[in-house]
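Just so we're aligned, residue 154 is where the sequence shown starts under our numbering, counting upward by one. Built from N, CA and C at the ideal position, the CB exists for glycine as well. One structure is given here, and the rest of the page talks about it.
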Amino acid sequence: MSPRKESRYDQPPDERFARRERFVRRARESTQDALKSRDMMLGGSAKSIVTIDKVINQLTEKLEEWYAVYFPEFRPLEDRKKFVEAVLVIDRKNMNKAGLVALIGEKNGMDAVEKAGKSLGANLDEKDMRQITTLAESILTLYGLKEEYEVYQNALAKELCPNMSEVAGPEIAAKLVAHVGSLRKLGMMASSTIQVLGAEKALFKHLKNRRIAPPKHGIIFQHARISSSPKAVRGKIARALANKIALAARADAFTKHFIAAGLKADFDKRYKEIMEGYERGKE
154 MSPRKESRYD
164 QPPDERFARR
174 ERFVRRARES
184 TQDALKSRDM
194 MLGGSAKSIV
204 TIDKVINQLT
214 EKLEEWYAVY
224 FPEFRPLEDR
234 KKFVEAVLVI
244 DRKNMNKAGL
254 VALIGEKNGM
264 DAVEKAGKSL
274 GANLDEKDMR
284 QITTLAESIL
294 TLYGLKEEYE
304 VYQNALAKEL
314 CPNMSEVAGP
324 EIAAKLVAHV
334 GSLRKLGMMA
344 SSTIQVLGAE
354 KALFKHLKNR
364 RIAPPKHGII
374 FQHARISSSP
384 KAVRGKIARA
394 LANKIALAAR
404 ADAFTKHFIA
414 AGLKADFDKR
424 YKEIMEGYER
434 GKE
């Protein structure tokens, strides 16, 4: 009969305790190393910007509804920040024509001036009006905070992932890192995975029902060359861009070599080929 193999539970209590302490210490050190990584700061800034943007949109919608009580004829503008700023300068009884035109353009400004004199809006007292302007001021503060974070995010993205920032832009680079959790994880991903990051819901729907088309792009759709291209070629452009992002991410995460110039030139060439092929197909 072979002798029983010694178990760690056969060790003296002091030795078992020391062994446990070593494991705990290593786990703490690994956690501290992960938290010290500046990837966490990049991801945090990217996620904060997304959250601030959502809050701005929600509060601006409430401001538009509330302001309609005072001046219903003044419709929301395409540039929502300009609308918020206009709320702070418009006084129906004493319109600053020059200031309003300078802020929102001649057409919108003159239209507002014309409608102010015959508005059907309520005549709010100073206390009520102050609630509306306070909300507008708060929204502008959030715009300022968002811009501050964007400057920080873009600078940090260029520092940590210069290749990706050059190929895809610092905003997309930051969002990709934030989405997966670290630059190292992104550097180990296939280009086909990077292409659809951010479109997981659409991908799962496709996997459940093959009659639903798979997504062609996720976060990288925000790249100007994809979002502004005809729908028929977006998938090809997204695939070409994702391929270069994957190579850039590996360089940023592991080799630290700057290879973005060649990657960008290759992508530009492929983009030109795709668009020329599309134009020939239309003829």
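N-terminal and C-terminal residue of the alpha helix (DSSP H) that Glu408 is part of
Your numbering for residue 408 matches position 255 in the sequence shown. Checking the sequence shown, residue 408 turns out to be Thr, not Glu. Unbroken run through Thr408: none, as it is neither H nor E.
heavy atom of the ligand ATP below 7 Å from Val222 C-beta:
The ligand ATP is absent from the structure shown, which contains no ligands of any kind.
How would you call Gln211, buried or exposed, if buried means at least 16 neighbouring beta carbons within 10 angstroms?
If you number the sequence shown from 1, residue 211 lands on position 58. Looking at its Cβ environment, which holds fewer than 16 other Cβ atoms inside 10 Å, Gln211 is exposed.
Please confirm whether Val240 and Ile202 have their CB atoms less than 8 Å apart.
As a first step, residue 240 must be located in the sequence shown, where it is residue number 87. As a first step, residue 202 must be located in the sequence shown, where it is residue number 49. Against a cut-off of 8 Å, the Cβ pair of Ile202 and Val240 comes out as no contact.
With DSSP as the reference, label Asn249 as helix, strand or coil.
Residue mapping note: residue 249 aligns to position 96 of the sequence shown, counting from 1. Correct three-state label for Asn249: coil.
For Phe420, count neighbouring Cβ atoms within 10 angstroms of its own Cβ and tell me buried if that reaches 16, exposed if not.
Translated into the one-based positions of the sequence shown, residue 420 becomes position 267. When all chains shown are included, Phe420 counts as buried.
When the Cα atoms are used, what is the spatial distance from Glu226 to Ser344?
Position 73 of the sequence shown, counted from the start, is the residue given in the question as residue 226. Position 191 of the sequence shown, counted from the start, is the residue given in the question as residue 344. If you take the alpha carbons of Glu226 and Ser344, they lie about 50 Å apart.
Identify which residue in Gly388, Ala391, Gly351, Pro383 has its Cα closest to the Cα of Ile372.
Residue mapping note: residue 372 aligns to position 219 of the sequence shown, counting from 1. Checked all of Gly388, Ala391, Gly351, Pro383; the closest Cα to Ile372 is Gly351.
Start and end of the alpha helix (DSSP H) containing Ile379?
The residue given as residue 379 occupies position 226 in the sequence shown. Start and end: 377-380.
If you check the beta carbons only, do Ala402 and Leu309 fall under 8 Å apart?
The residue given as residue 402 occupies position 249 in the sequence shown. The residue given as residue 309 occupies position 156 in the sequence shown. No, these two residues do not count as a Cβ contact at 8 Å.
With a Cβ-Cβ cutoff of 8 Å, do His370 and Arg387 count as a contact?
Here residue 370 corresponds to residue number 217 of the sequence shown, with the count starting at 1. Here residue 387 corresponds to residue number 234 of the sequence shown, with the count starting at 1. A contact, by the Cβ cut-off of 8 Å.
Taking the beta carbon of Ile365 as the centre, do at least 16 other beta carbons fall within 10 Å, making it buried, or is it exposed?
The residue you call residue 365 lines up with position 212 of the sequence shown. Ile365 is exposed by the Cβ-count criterion.
Identify whether Leu360 lies in helix, strand or coil by the three-state DSSP scheme.
Position 207 of the sequence shown, counted from the start, is the residue given in the question as residue 360. Helix.
Please state the DSSP three-state secondary structure of His332.
Along the sequence shown, read from residue 1 onward, the residue named residue 332 stands at position 179. In the structure shown, His332 sits in a helix (DSSP, three-state: H, G or I).
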